[in-house]
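Just so you know, this note's numbering puts the end of the sequence shown at 305, numbered straight through with nothing missing. Quick reminder that beta carbons are idealized off the backbone N, C-alpha and C, glycines included.
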Amino acid sequence: MKVLTLSLLMFLVMFGKDCNRVPRPKSDSTLPTAMLRVRDQRTNRINDFTGRDNLLIVEPDHRLDIYLFGDDPEGVHRIRLETDKSLTFVDGEISQTQFIAIAPIEQILEPDARSTVSTKAILYELQEFPRTSSAGFRLSDGDISFRGQVENYFGGVSEVRLTLTPNPR
Numbered sequence: 137m138k139v140l141t142l143s144l145l146m147f148l149v150m151f152g153k154d155c156n157r158v159p160r161p162k163s164d165s166t167l168p169t170a171m172l173r174v175r176d177q178r179t180n181r182i183n184d185f186t187g188r189d190n191l192l193i194v195e196p197d198h199r200l201d202i203y204l205f206g207d208d209p210e211g212v213h214r215i216r217l218e219t220d221k222s223l224t225f226v227d228g229e230i231s232q233t234q235f236i237a238i239a240p241i242e243q244i245l246e247p248d249a250r251s252t253v254s255t256k257a258i259l260y261e262l263q264e265f266p267r268t269s270s271a272g273f274r275l276s277d278g279d280i281s282f283r284g285q286v287e288n289y290f291g292g293v294s295e296v297r298l299t300l301t302p303n304p305r
């Protein structure tokens, strides 16, 4: 089965020269923020998630843009997105389960030549639940689990978790 995961697309959110860059911090007493955004390409519906124990029911065959946003006013040092996929397909009395561990996407951000750091970072991944398997079995159940982490320059880490499940129609 072909996994629809784009290779790392990491970019810094910039609205102007040096925007969202600050001098490398000497201390940081706050945690960064981590947010997952899911955009359904077919409906353009957007859902944002923070924290843990998040669940979203999605339609099979809809392509989903998954964004992990990291933000820290003192600088983002590392951003990481882990994805696991479990799919169960059926054809009559026969079932087929697939477990897919997708390689994590990670970006480590270092200070530039002027010793400034970025306060924002984004990772992107494309996912979908196929309606049928390559053998023609029908999707009956499954989930795609995401774990996003954002770390600042002093080891402060925030995490966001999200599980997508297919609409059981």
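>> So, at 7 Å on beta carbons, what are the nonlocal neighbours of Leu298 in its own chain, with the 5 sequence-adjacent residues on each side left out?
In response: Taken in chain order, the residues that qualify are Leu172, Phe185, Asn190, Leu192, Phe282.
> Three or more C-beta pairs closer than 8 Å, one from the stretch 286 to 293 and one from the stretch 207 to 223: is that the case here?
Replying inline: By the Cβ criterion, the stretch 286 to 293 is in contact with the stretch 207 to 223, since at least three pairs of Cβ atoms, one from each stretch, lie closer than 8 Å.
> Between the beta-carbon of Leu200 and the beta-carbon of Gly284, is there less than 8 Å?
Replying inline: Between Leu200 and Gly284, the CB-CB gap reaches or exceeds 8 Å.
> Roughly how many angstroms separate the alpha carbons of Val194 and Gly187, rounded to a whole number?
Replying inline: Roughly 20 Å separates the two Cα atoms.
> According to DSSP, which residues form a beta bridge with Gln263?
Replying inline: Bridge partners of Gln263: Leu200.
> Expressed to the nearest angstrom, what Euclidean distance is found between the alpha-carbon atoms of Thr233 and Ala170?
Replying inline: Using only the alpha carbons, I get a separation of about 31 Å.
>> Could you pull the DSSP bridge partners for Glu242 from this structure?
In response: Answer is Arg216, bridged to Glu242.
> Rounded to the nearest angstrom, how far is the Cβ of Asn156 from that of Ser294, given a contact under 8 Å?
Replying inline: That pair is no contact at about 18 Å.
> Which value, in whole angstroms, describes the spacing of the CA atoms of Arg216 and Asp164?
Replying inline: Straight across, the Cα-Cα distance linking Arg216 with Asp164 is about 20 Å.
>> Once DSSP output is grouped into helix, strand and coil, what is the label at Asn190?
In response: Of the three classes helix, strand and coil, the one that applies to Asn190 here is strand, per DSSP.
>> Measuring alpha carbon to alpha carbon, tell me which residue in Thr166, Pro196, Pro168 is nearest Thr179.
In response: For Thr179, the nearest C-alpha among the options comes from Pro196.
> Alpha carbon to alpha carbon, how far is Glu246 from His213?
Replying inline: Each residue's CA atom was taken as its position, placing Glu246 and His213 some 7 Å apart.
>> So the candidates are Arg267, Leu259, Thr252; which of them puts its Cα closest to the Cα of Pro161?
In response: In terms of CA proximity to Pro161, Thr252 leads the group Arg267, Leu259, Thr252.
> Where does Asn180 sit, in a helix, a strand or coil, going by DSSP?
Replying inline: The answer is coil: DSSP assigns Asn180 none of H, G, I, E or B.
> DSSP on Ser163, reduced to helix/strand/coil?
Replying inline: In the displayed model, Ser163 falls within coil according to three-state DSSP, outside both helix and strand.
> Name the DSSP bridge partner or partners of Glu295?
Replying inline: Answer by DSSP bridge pairing, in chain order: Gln285.
>> Given a cut-off of 8 Å on the beta-carbon distance, is the pair Ile202 and Glu261 in contact?
In response: For Ile202 and Glu261, yes; Cβs fall inside 8 Å.
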